[in-house]
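Enquirer:
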Amino acid sequence: MFELLGIPPQALFGQLLLGLINGSFYALLSLGLAVIFGLLNIINFAHGALYMMGAFVAWMLLNYLGIGYWPALILAPLAVGIFGMVIERLMIARLYHLDHLYGLLLTFGLALIIQGLFRNEYGISGLPYQIPTQLAGGQNLGFMFLPNYRAWVVVASLLVCFGTWFMIEKTRLGALLRAATENPALVGAFGINVPRLITLTYGFGVALAAFAGVLAAPIYSVNPNMGADLIIVVFAVVVIGGMGSILGSIVTGFGLGLVEGLTRVFYPEGSAVVIFVIMAIVLLVKPAGLFGRAA
Amino acid sequence: MPEAARPGSPLLAVRDLNGWYGESHVLHGVSFDVAEGEVVTLLGRNGAGKTTTLLAVMGMLARRTGSVIFAGKELIGLPARAIARMGIAIVPEERGIFASLSVEENLMLPPVVRPGGFSREQIFELFPNLRERLASQGTKLSGGEQQMLAIARILRTGARLLLLDEPTEGLAPVIVQQIGRTIERLKGEGFTIVLVEQNFRFAASLADRHYVVDQGRVVDTIPNADLERNMGKLHAYLGV
């Protein structure tokens with residue numbers, strides 16, 4: 000059938016896999032943005048820079064301390080998450096009584112500063128990060144070759160995304176988070192420390208970005224601009240999925256990665272813009288996003 | 000219970016309480032006392048400052064001054080979460096049922112702050128409807144059920160002072176009766192209750208005392224026993 004369309008199956012599945020990989024990063028990043036936006040009501044423009052920091056922390060752990068990929072997968076998100084919590088406490092928390100726009104401007108400025116500092120120190124040519132030996136090589140599936148590391152990225156992203164979804168939708172902590180998103184004053188009046196919940200939530204959302212950064216390090220080169228390039232697409236994903244929707248950001252992230260991959264097969268010229276075209280259509284037809292609740 | 004018979008030190012003593020919504024100064028020196036185990040109401044016209052008084056006691060106003068002593072401790076300056084931990088709980092006017100939480104999650108949301116709260120079984124005995132609806136989305140409940148849920152979830156916490164803001168607003172008479180029986184039962188169990196109420200008959204059937212609030216002040220105190228005698232005066236206050 001594929002030959003009938005003039006597309007060899009290797010090309011199709013190869014692009015679908017690439018789409019899934021990109022979708023894995025879109026999902027992880029837009030999920031973090033959604034979690035943060037839900038509770039803090041700020042659009043975290045620093046998200047791309049913190050994703051980049053995740054990759055850099057993994058690189059530094061390896062090159063300065065000899066700590067490898069697997070510990071870095073935990074340590075880098077932890078370190079960047081703590082960095083995020085400090086930023087939230089010291090700066091972002093002062094803006095909650097103001098319009099959303101101020102949070103956006105602050106985090107945009109932070110992104111520029113963080114990226115500038117890393118560019119200054121490490122240049123823009125990119126630093127290599129080896130695929131961990133356990134995941135080197137790949138499988139020949141007959142119809143395509145599947146590199147082990149790329150399969151791992153998709154699986155890890157799915158696990159973390161659905162783990163996050165489960166935590167938010169099905170646990171007591173998640174119930175607190177959802178309630179605080181709706182009515183923080185009342186949750187506080189029940190004896191819950193809402194400011195602490197907000198700080199932890201920001202730290203968690205940021206840690207998700209850093210986790211994506213570590214996953215990305217062996218695929219893309221570790222580069223100060225890696226987040227800036229990605230984050231624009233991720234914002235489009237968030238708009239399409241619906242601001243603040245957890246499941247929406249996961250499904251939309253993976254879905255749009257696949258759509259992008261398919262476009263690269265059938266109309267390569269359109270692959271760079273297809274997500275933005277979809278965004279425009281969604282904004283016209285359903286402004287709250289595919290999974291968003293109309294405000 | 001007539002005022003003279005109250006025991007020495009009140010559980011809640013509010014003195015010269017001032018409160019603001021943003022720039023607008025709403026409370027201008029509210030003072031009243033509530034003894035342990037009492038039910039008192041705050042009566043008054045719309046906009047008199049009744050709801051704001053409850054919010055100020057609970058610590059939910061951004062700015063307040065004066066004194067709120069609860070069980071011998073000053074609450075002014077404490078955040079709402081600390082006040083909740085001391086054993087005060089609120090049922091807000093809009094009920095505050097969370098739409099993104101199930102009934103079960105709504106019920107279990109407020110943490111237990113003191114021993115002696117209701118068990119789940121006691122809550123379901125009080126509000127049998129809730130047991131059937133545990134898996135429903137919180138805001139899918141009827142208005143009456145939402146009100147019951149809003150009361151039920153603070154009974155679990157062990158709070159001993161309950162602030163109820165218009166619990167009968169917009170509800171059918173049969174539900175109003177059920178909520179009335181619930182408040183009576185709670186009084187019997189020793190809860191202390193401050194009730195904001197527009198439904199005057201309802202308030203009269205439950206309260207020990209009525210505080211009349213007007214323009215951000217308590218302007219009169221009427222023991223429930225003297226209510227009939229003061230009807231004319233009260234109607235003038237409430238403008239009915």
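Chains as they are written, first to last, in numbering that gives the first Met the number 0: chain Y, 0 to 294; chain A, 0 to 239.
Yeah, the Cβ is synthetic: ideal placement off N, Cα and C, and Gly gets one too.
Is it the case that the region 133–150 of chain Y contacts the region 196–207 of chain Y, given that we only count it when at least three CB pairs across the two stretches are under 8 Å?
Expert: No contact exists between the region 196–207 of chain Y and the region 133–150 of chain Y.
Enquirer: Should Asp-164(A) and Thr-50(A) be called a contact, given that it needs their Cβ atoms to be closer than 9 Å?
Expert: Closer than 9 Å, so yes.
Enquirer: To the nearest angstrom, how far is it from the Cα of Val-218(A) to the Cα of Glu-181(Y)?
Expert: Cα to Cα, the separation comes out at about 36 Å.
Enquirer: Quick check on Ile-221(A): does DSSP put it in helix, strand or coil?
Expert: If DSSP states are grouped into helix, strand and coil, Ile-221(A) belongs with the strands.
Enquirer: Helix, strand or coil, according to DSSP, for Lys-232(A) in the structure here?
Expert: In the structure shown, Lys-232(A) sits in a helix (DSSP, three-state: H, G or I).
Enquirer: Assuming Asn-105(A) is part of the alpha helix (DSSP H), what are its boundary residues?
Expert: Element bounds for Asn-105(A): 102–107.
Enquirer: Give a yes or no on whether the minimum CB-CB distance between Leu-41(A) and chain Y is below 9 Å.
Expert: No, no contact with chain Y.
Enquirer: State yes or no: is the C-beta of Arg-152(A) within less than 9 Å of the C-beta of Leu-108(A)?
Expert: In this structure, Leu-108(A) lies closer than 9 Å to Arg-152(A) by Cβ.
Enquirer: Residues bridged to Pro-217(Y) by DSSP?
Expert: For Pro-217(Y), which the question treats as bridged, DSSP gives no partner whatsoever.
Enquirer: Within 10 angstroms of its Cβ, does Arg-113(A) collect 16 or more other Cβ (buried), or is it exposed?
Expert: When all chains shown are included, Arg-113(A) counts as exposed.
Enquirer: Select from the region 142–165 of chain Y all residues with a C-beta closer than 8 Å to any C-beta belonging to chain A, and list them in chain order.
Expert: Result list empty, no residue passes.
Enquirer: Any Cβ of chain Y within less than 9 Å of the Cβ of Ser-141(A)?
Expert: Taking Cβ atoms only, chain Y never reaches closer than 9 Å to Ser-141(A), which makes this a no.
Enquirer: Would you call the CB atoms of Gly-302(Y) and Phe-290(Y) closer than 9 Å?
Expert: Here chain Y covers residues 0 to 294 and nothing more, so residue 302(Y) does not appear.
Enquirer: If the criterion is Cβ atoms closer than 9 Å, does the pair Leu-10(A) and Leu-237(A) meet it?
Expert: In this structure, Leu-237(A) does not lie closer than 9 Å to Leu-10(A) by Cβ.
Enquirer: Confirm, please, whether the CB-CB distance from Arg-159(A) to Glu-35(A) is below 9 Å.
Expert: Contact: yes.
Enquirer: Chain Y partners of Ala-98(A), CB-CB under 8 Å?
Expert: Here the neighbours are Glu-181.
Enquirer: I need the DSSP call for His-99(Y), collapsed to helix, strand or coil.
Expert: Of the three classes helix, strand and coil, the one that applies to His-99(Y) here is helix, per DSSP.
Enquirer: Within a Cβ cutoff of 6 Å, which residues of the same chain sit near Val-193(Y), ignoring the five residues on either side of it in sequence?
Expert: Closer than 6 Å at Cβ, skipping near neighbours: Ala-179, Pro-183, Val-186, Gly-187.
Enquirer: Counting Cβ pairs closer than 8 Å, one from the region 80–87 of chain Y and one from the region 213–222 of chain Y, do we hit at least three?
Expert: Verdict: no, contact absent.
Enquirer: Suppose contacts are defined by Cβ-Cβ distances below 9 Å. Is Val-237(Y) in contact with Gly-288(Y) by that definition?
Expert: Yes, the pair counts as a contact, with Cβ atoms nearer than the cut-off.
Enquirer: Quick one: is Val-112(A) near chain Y, going by C-beta distance under 9 Å?
Expert: Chain Y, which has a Cβ nearer than 9 Å to the Cβ of Val-112(A), makes this yes.
Enquirer: When Cβ atoms are compared, which residues of the region 66–83 of chain A fall closer than 9 Å to chain Y?
Expert: Within the region 66–83 of chain A, the residues whose Cβ lies closer than 9 Å to some Cβ of chain Y are Pro-78, Ala-79, Arg-80, Ala-81, Ile-82, Ala-83, listed in chain order.
Enquirer: Looking at chain Y, is there any beta carbon in it that lies within less than 9 Å of the beta carbon of Thr-156(A)?
Expert: It does: the Cβ of Thr-156(A) has a partner Cβ on chain Y nearer than 9 Å.
Enquirer: Using a threshold of 9 Å, state whether the C-beta atoms of Gly-157(A) and Gly-115(A) are closer than that.
Expert: Result yes, Cβ atoms of Gly-157(A) and Gly-115(A) sit closer than 9 Å.
Enquirer: Is the closest heavy atom of the ligand ZN to the C-beta of Val-85(Y) under 8 Å?
Expert: Only the bare structure without any ligand can be found here, which leaves the ligand ZN out of the picture.
Enquirer: Which residue's Cα is closest to the Cα of Ala-155(Y): Ile-91(Y), Phe-253(Y), Gly-260(Y)?
Expert: Ala-155(Y) has its Cα closest to that of Phe-253(Y), out of Ile-91(Y), Phe-253(Y), Gly-260(Y).
Enquirer: Rounded to a whole number of angstroms, what is the C-alpha to C-alpha distance between Gln-9(Y) and Ala-135(Y)?
Expert: Rounded to whole angstroms, Gln-9(Y) to Ala-135(Y) spans 21 Å at the Cα level.
Enquirer: Ala-235(Y) to Pro-110(A), Cα distance in whole Å?
Expert: When rounded, the distance between both Cα atoms is 39 Å.
Enquirer: For Asn-128(A), name the three-state secondary structure that DSSP assigns.
Expert: Correct three-state label for Asn-128(A): helix.
Enquirer: State yes or no: is the beta carbon of Met-59(A) nearer than 9 Å to at least one beta carbon in chain Y?
Expert: Closer than 9 Å to some Cβ of chain Y, the Cβ of Met-59(A) qualifies, so yes.
Enquirer: Return the chain-ordered list of same chain residues with a C-beta closer than 8 Å to the C-beta of Gly-28(A), the five sequence neighbours on each side being excluded.
Expert: If we look at Gly-28(A) and ignore the five residues flanking it on each side, its Cβ neighbours are Asp-15, Leu-16, Asn-17, Gly-65, Gly-215, Arg-216.
Enquirer: On the DSSP letters alone, give me the boundaries of the alpha helix (DSSP H) that Phe-144(Y) sits inside.
Expert: Phe-144(Y) -> not in any alpha helix (DSSP H); beta strand (DSSP E) instead, spanning 144–146.
Enquirer: Please compile the residues from chain A whose C-beta is within a distance smaller than 8 Å of the C-beta of Asn-192(Y).
Expert: Here the neighbours are Arg-80.
Enquirer: Could you name the residues of the same chain whose beta carbon sits closer than 6 Å to that of Met-0(A), not counting the 5 residues immediately before and after it, in chain order?
Expert: Caution is warranted here: a pLDDT of 36 is assigned to Met-0(A), below 50, making its placement in the model unreliable, and the coordinate value is therefore given only provisionally. Asp-207.
Enquirer: Mind listing which residues of the region 10–23 of chain A have their C-beta closer than 8 Å to chain Y's C-betas, in chain order?
Expert: Correct list: empty, as no residue qualifies.
Enquirer: Give the range of the beta strand (DSSP E) segment to which Tyr-210(A) is assigned.
Expert: Per DSSP, Tyr-210(A) belongs to the beta strand (DSSP E) from 208–213.
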